[in-house]
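In the numbering used here, the protein residues as written are 1069 to 1459.
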Ligand SMILES: [Zn+2]
């Protein structure tokens, strides 16, 4: 295992595991990449999507990962990415921690082998979310920056929804269909966007027990491609959300058969069945004046910044004497006017042009002989052409 790295640097040396990530700063995409070390992300469900998301965040140098799963690795999981056959039998959380620690020992890993849908499991789950990156209790408020739900059933999603509504914790939901050819990710901000209970799936709304939907001996299909794509979309949006760049998708679907990516946004349902959600909606409404004031201040600051930027010349130096000319005044420019263009064609001594100028291209007319000289018989060609046209 490599030694831990104290500070993330952008130094371009082969031994720096962060040089390509920190280059995002030089490219003008992210201006605070090293902040990624301050963030904690909880991943619930370390299956085909969750394990890949965990690996991506680990390689990106996330500060802390909290991993939740109660299941063990099986050979039947080997059609997906991440887990290896020799890990069969290990709990998914332990196997994941082992691999992730090897990939990046800088990441703080917390592994919770538990079922969050039991009463006891739910309490342990919320308790673990109310600790900060140093392990200190945060007094009931959330100590993580984002929760990623990568579970495969409605019940577990509702548990994550409940915990996040209670803690006012923003989370992202992900899912892949049973037939393995579609998936989605969704951003849920308590009070601001729809929660998971705001618009329940039809079967759930109709009161059918999810467990009765599972048919004996019929197992869901899965593909490493679809799961990898959904994990990639999930982590891409996680990075944008944490490091504040680009646009974070509210809902992004993926249909593999048509390569179709629908997007949409869902507002909270004022008649949501989840009491904590209604509370969040009330709080969000009460907070509106403060939010508007902040938005106004930001708009003013942006406008000021833009006007300041407009005053400063884009380039202080002009080594090559490049100047811009209005499209209407092209006649003044030798290269366009024709007049003086011979001067612009003059090259320094020793240099010559490979191609002739447009005006001096050889305009020799082609003759019939040019076409038949390669042994072709004109009458024969004519016949072939007529035969083709007959169709
Ligand atoms: Zn709701």
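The beta-carbon is built from N, C-alpha and C at its ideal position, and this holds for glycine as well.
Buried/exposed call for residue i, threshold 16 Cβ in 10 Å
i            : result
residue 1210 : buried
residue 1407 : For residue 1407, the predicted structure reports a pLDDT of 49, less than 50, and the residue's modelled location is therefore unreliable. A value from the coordinates is still provided. It is exposed - the Cβ of residue 1407 has fewer than 16 other Cβ atoms within 10 Å.
residue 1380 : exposed
residue 1409 : Confidence at residue 1409 is low in this model, with a pLDDT of 48, below 50, so the placement of that residue should be treated as unreliable; the coordinate-derived value is given next. So residue 1409 counts as exposed.
residue 1299 : buried
residue 1326 : exposed
residue 1383 : exposed
residue 1339 : exposed
residue 1082 : exposed
residue 1238 : buried
residue 1186 : exposed
residue 1240 : buried
residue 1452 : exposed
residue 1226 : buried
residue 1230 : buried
residue 1450 : exposed
residue 1265 : buried
residue 1151 : buried
residue 1104 : buried
residue 1358 : exposed
residue 1378 : exposed
residue 1110 : buried
residue 1193 : buried
residue 1213 : buried
residue 1390 : exposed
residue 1126 : buried
residue 1256 : buried
Which listed residue (the options) has its alpha carbon closest to that of residue i
i            : options                : result
residue 1144 : 1136, 1155, 1135       : 1155
residue 1128 : 1188, 1138, 1310, 1149 : 1310
residue 1335 : 1374, 1132, 1259, 1397 : 1259
residue 1217 : 1089, 1116, 1357, 1421 : 1116
residue 1313 : 1305, 1320, 1319       : 1305
residue 1149 : 1099, 1072, 1291       : 1291
residue 1167 : 1135, 1183, 1190       : 1135
residue 1113 : 1182, 1132, 1414, 1329 : 1182
residue 1330 : 1344, 1287, 1253       : 1253
residue 1317 : 1266, 1385, 1307       : 1307
residue 1351 : 1294, 1236, 1367, 1372 : 1236
residue 1133 : 1190, 1153, 1161       : 1161
residue 1294 : 1391, 1069, 1349, 1249 : 1249
residue 1247 : 1366, 1234, 1124, 1289 : 1289
residue 1207 : 1215, 1214, 1197       : 1197
residue 1108 : 1151, 1131, 1091       : 1131
residue 1172 : 1416, 1296, 1228, 1122 : 1122
residue 1315 : 1302, 1194, 1364       : 1302
residue 1243 : 1319, 1212, 1175       : 1319
residue 1220 : 1234, 1378, 1203, 1245 : 1245
residue 1075 : 1138, 1111, 1175       : 1175
residue 1349 : 1416, 1233, 1088       : 1233
residue 1190 : 1200, 1224, 1163       : 1224
residue 1170 : 1158, 1085, 1070       : 1070
residue 1251 : 1356, 1228, 1328       : 1328
residue 1199 : 1184, 1188, 1178       : 1178
residue 1262 : 1195, 1205, 1333, 1365 : 1333
residue 1269 : 1256, 1222, 1255       : 1222
residue 1337 : 1124, 1267, 1395       : 1267
DSSP beta-bridge partners of residue i
i            : result
residue 1331 : 1320
residue 1136 : 1112, 1180
residue 1307 : According to DSSP, residue 1307 bridges with nothing at all.
residue 1240 : 1216, 1255
residue 1250 : 1323
Extent of the continuous alpha helix (DSSP H) run through residue i
i            : result
residue 1227 : 1222 to 1235
residue 1349 : 1343 to 1354
residue 1457 : 1446 to 1457
residue 1125 : 1118 to 1127
residue 1088 : 1087 to 1094
- [ ] Please go through the stretch 1141 to 1218 and give each complete alpha helix (DSSP H) segment of 4 or more residues, from N-terminal end onward.
- [x] 1160 to 1171, 1187 to 1197
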